[in-house]
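Visitor: Handing you this structure, nothing more for now.
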Amino acid sequence: MTMRNEQADPIARAMADAAMELLIAVDTETGTIVAANSRACSALGYTTDTLEGLPIETVEDQLADQMYWGEIWLGNFFPQQRVETEYRCQGGQTLAVEKSTRLVDIDGKEHIVISAYDISDRKAVEDTADQLASQLRAAFESVAEGILITRLDGSILNMNHRFTRMWDMPDSLLLERNDAAILSYIQGQLADPTGYRLQLVELYADPNLSVSNVLELRDGRVFEYQSSPQLLRGQAIGRVFSFDDISNAVRFEQELIATRDQAMNANRAKSSFLAMMSHEIRTPMNGVIGMTKLALETQLSAEQREYIEIANSSAETLLVIINDILDFSKIEAGHLNIEHIPFDLRELAGEIVKTMAFRADQKGLELVLDIAPAVPARLIGDPTRLRQILLNLLSNALKFTDTGEIVLKIEMHAPPGENAEIYFHVRDTGIGIAADKIDTVFDSFSQADASTTRKYGGTGLGLSICRRLVDMMQGNIWVDSRPGQGSRFQFTIRLDVAGTESEGPPPTLAGLSALIIDDNVSAGQALCGLIESLGMQARLLTDMREAEAETRRAQAAETPYRFLLIDAATGQGDSFSLAAGLRESSGAKLVMLLPVTQLETSIERCREQGIARHLTKPILAADLRAILLDANEHKAITGAARLEDIGHGEPGRPLHILLADDDAINQKLATILLEKAGYRVTTATDGQAALQAWQEGGHDLILMDMQMPGMDGIQATRRIREIERQRGGHTPIVALTSNTSPEERARCLQAGMDSHVAKPIRQDELYRAIQAAAAGAR
Amino acid sequence: MSDQEEFLSIDVSQLRVGLYISLDLGWMDHPFLSNSFKISSAGQINTIKRLGLKQVRYHPAKSSNQPLPMTAAPAAGEAEAQPEPEISPEEQAAMAAKKARIERLKRHRLSVLKCEKALLEAVGTIKGINKNLFARPKECVASALGLVDRMADSLLTDKDVAIHVMNDKLAGEEVYLHSLNVSILAMILAKEMGLAKEEVKLAGLGAVFHDIGKVKIPDLILRKTEPLTKPEQHFLMQHPLYGEEIGRQLELPAPVLDIIRHHHEQMDGGGYPDKLKEDHISRLVRIVAIVNTFDNLCNHVNPLKSATPHEAISYMFAKQKSQLDHEAMNVFIRSMGVYPPGTIVRLSNEMWGSVASVNLKRPLRPTVIVYDASVPKDEPIILDLEDEPDLGISKTFRPAQLPRDVFDYLSPRTRITYYFDEASDGPYN
């Protein structure tokens, strides 16, 4: 520090210069700086000489300081303590300082001594802190959640406006700054204040606990809150609660659930309604079909016959559609169950293709069944539903194919174990499906397009039902198709294996060879496969003209053919006489393969040519095996015997049947069918009447409708069985039911019935059931 | 939110100079400035003892001394024998000062109420003018004249002006209106500069209409918070010309048109639209230019960028000297003070406060509403720094820098609206 006064104490000067603060002495009379320490000079950018003598307002040029010195010059001195201001440096820049002023007597004269600290560092820190605080405050206030910050003891440290608004806190309460009052105000709004208090106790017991929870308010709002510890250097020093008003989300969720339930209920109701309606429609349909069938057996003019045939086939078509709808709605309503009963897949598939064969042949289509030998003989599953799928796919194929062939191929996908994956495919050479439609063919109410529906008919439910059934059998269904070239519907299902034991190739046929002549390659190959599975060799020729050369070649090679299997429809010429000639020249056993249409003509042709053995196409493994074994042993059989209709079996003695059905048309229909077959019939219109009639005696069998007014079929059966237990005896009872579910069947059997027949009643089914039941009783 | 747990309770017998204590009494029930303070004299200890308190709360962190050790509990007889400390003359003076302060508080509140009433009326008038100016121009000009007349009448008395800062909302209504605020301040400044009544009224009328040309500028530009582009700036700078044109249609007097056209002119010729200099700018224009600058600084389009009144006036003083009229600026500073009303300050005793009104003679010593958590917010302590020679303003703050409880208590304005009342001449000094 230098002073104008030359006697300045050098020690004091040294001390002043060593000080950290800026020291400036100002003459109160002149207002000029009379002394400054070296810190002041260097901080302000002056030399000692240039700073001393300057008016103090050069350095202290801020408004407040100018005013201060203005007051000083007026003689109003007052000391200042730690006032923040800025100093003007020599270069024009400013320096942030905190200054204090004192009045000091120096050499008998009043001076004002300013001591000032450079606070630029502190200012910078404060600025940063301000920035940070403002960011945090902005974030604190702009978040969508209400936030409350408390100390470890639960006293309130801070809250944002959102929080106070969420809880509707009045200003007066906030100004009270009474934590207990605020807390109880909050608790007063809660549906369960005690529960919340317990949560809080738990929270404050463990400062490091983080929780989230949901609070219900008395006004119906729902808040979700999270509480986490506020940490300072790893130590919990408080708690932060953030509250989120989730009332809307909760409400939306509830509304959504309600809407969904409503929709599901409506859908279920719709399905139940459909199921019921379909059932109600089936009963009169039954009457229509039965009556037209009977009418067709009477004397009719050609014209009448045609009308009634059309009516009958229309009714059959309608029944198919109704069945589709019934199935579909059952599946939708969750009422359809998949059965697990043992069945023979080959038998099932054979039966199916046989039923389709006539129609296929009428359209000039080759229908081929090709089952891989590896497919197990006995499987456990639902044959009824599997039949439904196959029939659907095959009749679709038939419907959409005009020329060519339809092949049903069944293979084993997974190696056989307890559970086998069976792979089915139905290939046709029909119109195919356009690429843009292929994804929707399995959807409900969708056919490839509306024009298809117009041209080919159908509900569009068939494939959808197939898909659902396949789903229920743990499988997949899909389709490959090319428009104009045909489609290949494929599906897999999982079935339990009941037994792998099969008959095995018959030893007598082993090593024998067969020549097959069939111009349809698929059919021929399928037949080759069947023959090879019998341990034989097979060769396929598609042209009859090559056959003779081939048989000669075989003879020359000393491996003559043992069998000739010749398709009657092959070649242009008279295949029967050519076949007979070939038999003569080759010495082989001949089996003619006949189309199912015009069978009688074909058989006549066989007789003419002395051909004893023939099979109808498509060829089934069991039939082939039997006929080959037979031919090998020279046993003659008559093909005609195979054609006999089992439905017309004559009952030994006219059975007396009691028919209980409340529906007049059904009763009439059944009566006519039964009487036509030679049975005697008594009728009853309800369970009570049936019981009475039975008690009068003389009945060999009872046909019992399940649903009747008053005493129903189940009750009547129970009563009858009860009485029989005391009296002895057993009258077979066959249920007539439109509900063919396994549960319903079980109910029949439980009540003591012997078997059941599905409604609408089909003639042959009815006869078979009656014969079986009557045979059982004998 | 309370600081309670940071206090320790001590017996009054442990008191000594240097302890920072809190009294559990109403503010009216003791002579001290505040309920919490640092003991600076033995006299204060005597006063505390006479208040009948047995215990006070003591804040170790803020104290510069330790409490005395507890003396053994005196026997009942001894306690009674202890002489009552006498009431010292300082204490009597303090008590009297406090009474005066309470008086002043009442007067202040009344004055603010009066201002609020007048302001609400003025706000209604201005809003009506803004709405109907083009539908019923004659009526609007007449009602502006009436408003300015009424304000001039209450302003131009022999008494000094008390300038108050108003709440952002009164009776649920936003009260900040730029043209009204400029008009009020312009009339105050004109009066303080000793202008005649007619001129004061012209200044007020000119201020009411000074930005009228902005009706032709799209809101998109007027409300834009980001910096304007060059073309946008140019467009905005047309508003004095548009305003003059509208003013002419309204048949406003020439000095008013002068104010409208030139309120953005600067003394150094850097203004617009005519780049006028010095003597070419009229006195009324200079007055409106200053208060308009001040109000634009305090009430920025983006409130986050608003300066505090203290910052605004310091900035104008330091940075805009060359642009603003020197004489008018000095008078403006004298009227508004270095810490204009509404400025948030911290006093040298660490108290927070908000400047309530200006002391025209002592610009560094305004009247301050102080924050004291123990005093109800709606009846706060008001300190006249003129009476507190030991207290000064150490620092000013922006509202965002305040601790939350201080913010809630002092409720700093986001928009600074001023109104005036005649200063009371009671026992002020």
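Here the protein sequences come in this chain order: A and B. Numbering that gives the first Met the number 0 numbers the first residue of the first sequence as 0 and each following residue consecutively. Numbering that gives the first Met the number 0 numbers the first residue of the second sequence as 0 and each following residue consecutively. The C-beta atom is built at its ideal place from N, Cα and C for all residues, glycine as well.
On the three-state DSSP scale, how would you describe P398(B)?
Guide: Working through the second sequence from its first residue, we reach residue 398(B) at position 399. Helix.
Visitor: Kindly identify the DSSP beta-bridge partner or partners of E743(A).
Guide: Here residue 743(A) refers to the residue found at position 744 of the first sequence. For E743(A), which the question treats as bridged, DSSP gives no partner whatsoever.
Visitor: Per DSSP, N298(B) forms a beta bridge with which residues?
Guide: By one-based count along the second sequence, residue 298(B) stands at place 299. Per DSSP, none; premise fails for N298(B).
Visitor: On a CA-only basis, which of N212(A), A546(A), V96(A) and R493(A) is nearest L378(A)? Give me that one, please.
Guide: Taking the first sequence and counting its residues from 1, one reaches residue 378(A) at position 379. Comparing Cα-Cα distances from L378(A) to each of N212(A), A546(A), V96(A) and R493(A), the minimum goes to R493(A).
Visitor: Assuming P365(B) and R333(B) form a contact by the criterion Cβ under 8 Å, report the distance between their Cβ atoms to the nearest whole angstrom.
Guide: Counting from one through the second sequence, the residue named residue 365(B) turns up at place 366. Counting from one through the second sequence, the residue named residue 333(B) turns up at place 334. Contact doesn't hold; Cβ gap of about 12 Å is too wide.
Visitor: Should L197(A) go down as buried or exposed, given a rule of 16 or more other Cβ atoms within 10 Å for buried?
Guide: On the first sequence, position 198 is the one that residue 197(A) refers to. Counting Cβ neighbours within 10 Å, L197(A) comes out exposed, since fewer than 16 surround it.
Visitor: Would the segment 304–312 of chain B count as touching the segment 184–194 of chain B if we require 3 or more Cβ pairs under 8 Å?
Guide: no
Visitor: Quick one, are the C-beta atoms of T47(A) and I111(A) less than 7 Å apart?
Guide: For the purposes of this step, residue 47(A) is taken as residue 48 along the first sequence, with counting starting at 1. For the purposes of this step, residue 111(A) is taken as residue 112 along the first sequence, with counting starting at 1. Going by C-beta atoms, T47(A) is not nearer than 7 Å to I111(A).
Visitor: Drop a sphere of 10 angstroms on the beta-carbon of A60(B), count the other beta-carbons inside from all chains shown, and report buried for 16 or more, exposed for fewer.
Guide: On the second sequence, position 61 is the one that residue 60(B) refers to. By the 10 Å Cβ count, A60(B) comes out exposed.
Visitor: For the beta strand (DSSP E) containing G485(A), name the first residue and the last one.
Guide: Working through the first sequence from its first residue, we reach residue 485(A) at position 486. Unbroken beta strand (DSSP E) run through G485(A): G485 to G498.
Visitor: What number of angstroms, rounded off, separates the C-alpha of E305(A) from the C-alpha of D629(A)?
Guide: Reading the first sequence from its first residue, position 306 is the one you call residue 305(A). Reading the first sequence from its first residue, position 630 is the one you call residue 629(A). One C-alpha to the other measures close to 43 Å.
Visitor: Note down the Cα distance separating A537(A) from E279(A), rounded to an integer number of angstroms.
Guide: As a first step, residue 537(A) must be located in the first sequence, where it is residue number 538. As a first step, residue 279(A) must be located in the first sequence, where it is residue number 280. In a straight line, the C-alpha of A537(A) is about 54 Å away from that of E279(A).
Visitor: Using a beta-carbon distance below 7 Å, is V160(B) in contact with chain A?
Guide: In the second sequence, the residue the question calls residue 160(B) occupies position 161. Cβ-Cβ to chain A under 7 Å: no for V160(B).
Visitor: Run the CB neighbour count on I10(A), radius 10 Å, all protein chains shown included, and call it buried at 16 or more, exposed below.
Guide: On the first sequence, residue 10(A) is found 11 positions in, with the first residue counted as 1. Result: exposed.
Visitor: So, is I340(A) buried or exposed, given that buried needs 16 or more other C-beta atoms within 10 angstroms?
Guide: The residue labelled residue 340(A) in the question sits at position 341 within the first sequence. In this structure I340(A) is exposed. Its beta-carbon is surrounded by fewer than 16 other beta-carbon atoms within 10 angstroms.
Visitor: Hey, could you find the ends of the alpha helix (DSSP H) A206(B) is sitting in?
Guide: Within the second sequence, the letter at position 207 stands for residue 206(B). Its alpha helix (DSSP H) spans residues K196 to F208.
Visitor: Please compile the residues from chain B whose C-beta is within a distance smaller than 7 Å of the C-beta of M66(A).
Guide: Position 67 of the first sequence, counted from the first residue, corresponds to residue 66(A). Those are V337, P362 and L363, listed as they occur along chain B.
Visitor: Which term fits D662(A), buried or exposed, when burial requires 16 or more other beta carbons within 10 angstroms of its beta carbon?
Guide: Here residue 662(A) refers to the residue found at position 663 when the first sequence is read from its first residue. Classification for D662(A): buried.
Visitor: Applying the criterion that 16 or more other CB atoms from any shown protein chain within 10 Å of the CB defines a buried residue, is S21(B) buried or exposed?
Guide: Along the second sequence, one-based indexing puts residue 21(B) at 22. So S21(B) ends up on the buried side.
Visitor: According to DSSP, is I636(A) helix, strand or coil?
Guide: In the first sequence, counting from the first residue as 1, residue 636(A) sits at position 637. A caution first: I636(A) carries a pLDDT of 38, below 50, which makes its placement in the model unreliable, though a value can still be read off. When DSSP states are grouped into helix, strand and coil, I636(A) belongs to the coil group.
Visitor: Does the ligand NAP have even one heavy atom less than 6 Å from the beta-carbon of L169(B)?
Guide: The ligand NAP is not among the ligands present in this structure, which contains no ligands whatsoever.
Visitor: So, is the C-beta of S463(A) closer than 7 Å to a C-beta in chain B?
Guide: Stepping through the first sequence from its first residue, residue 463(A) is reached at position 464. Judged by the 7 Å Cβ criterion, S463(A) is not in contact with chain B.
Visitor: Mind listing the chain A neighbours of A317(B)? Cutoff is C-beta to C-beta under 8 Å, in chain order.
Guide: Numbered from 1 along the second sequence, position 318 holds the residue referred to as residue 317(B). Per Cβ cutoff of 8 Å: D60, Q61 and L62.
Visitor: Work out the CA separation of K353(A) and S394(A) for me, nearest whole Å.
Guide: Taking the first residue of the first sequence as position 1, residue 394(A) is located at position 395. Taking the first residue of the first sequence as position 1, residue 353(A) is located at position 354. Taking the straight line joining both Cα atoms gives about 12 Å.
Visitor: Return the first residue and the last residue of the beta strand (DSSP E) that G145(A) is part of.
Guide: To locate residue 145(A), count along the first sequence from 1; it is residue 146. G145(A): member of the beta strand (DSSP E) spanning G145 to R150, first to last residue.
Visitor: State yes or no: is the C-beta of G709(A) within less than 7 Å of the C-beta of Q694(A)?
Guide: Position 710 of the first sequence, counted from the start, is the residue given in the question as residue 709(A). Position 695 of the first sequence, counted from the start, is the residue given in the question as residue 694(A). Not closer than 7 Å, so no.
Visitor: Would you mind working out which of I259(B), N291(B) and R247(B) sits nearest V181(B), comparing C-alpha positions?
Guide: Position 182 of the second sequence, counting from 1, holds the residue named residue 181(B). Looking at the Cα atoms, N291(B) is the closest of the given residues.
Visitor: How big is the Cα-Cα spacing for A80(B) and A372(B)?
Guide: In the second sequence, counting from the first residue as 1, residue 80(B) sits at position 81. In the second sequence, counting from the first residue as 1, residue 372(B) sits at position 373. Bear in mind that a pLDDT of 45 at A80(B), under 50, signals an unreliable position, so the number given afterwards is only what the model happens to contain. About 38 Å.
Visitor: Identify every residue that forms a DSSP beta bridge with L614(A).
Guide: For the purposes of this step, residue 614(A) is taken as residue 615 along the first sequence, with counting starting at 1. Bridge partners of L614(A): L592(A).
Visitor: Identify which residue in I181(A), R345(A) and E417(A) has its Cα closest to the Cα of F423(A).
Guide: The residue labelled residue 423(A) in the question sits at position 424 within the first sequence. Nearest option by C-alpha distance: R345(A).
Visitor: If the cut is a Cβ gap below 9 Å, which residues of chain A does K98(B) touch?
Guide: Here residue 98(B) refers to the residue found at position 99 when the second sequence is read from its first residue. Within chain A, no C-beta atom comes nearer than 9 Å to that of K98(B); the closest sits roughly 25 Å away.
Visitor: Return the Cβ separation of E743(A) and A522(A) in integer angstroms, given the expectation that the two are a contact with Cβ distance under 8 Å.
Guide: Here the question's residue 743(A) lines up with position 744 in the first sequence. Here the question's residue 522(A) lines up with position 523 in the first sequence. Actually they do not touch by this definition, with Cβ atoms about 41 Å apart.
Visitor: Residues in the segment 392–417 of chain B with C-beta within 9 Å of chain A's C-beta atoms, listed in sequence order?
Guide: I392, S393, K394, T395, R397, A399, Q400, R403, D404, D407 and Y408
Visitor: So, does the CB of S171(A) fall closer than 7 Å to a CB anywhere in chain B?
Guide: Taking the first residue of the first sequence as position 1, residue 171(A) is located at position 172. Closer than 7 Å: no.
Visitor: Let me know the secondary structure DSSP gives L154(B) once reduced to three states.
Guide: Taking the second sequence and counting its residues from 1, one reaches residue 154(B) at position 155. DSSP places L154(B) in helix when its eight states are reduced to three.
Visitor: With DSSP as the reference, please indicate the residues paired to D244(A) in a beta bridge.
Guide: If you number the first sequence from 1, residue 244(A) lands on position 245. According to DSSP, D244(A) bridges with F222(A).
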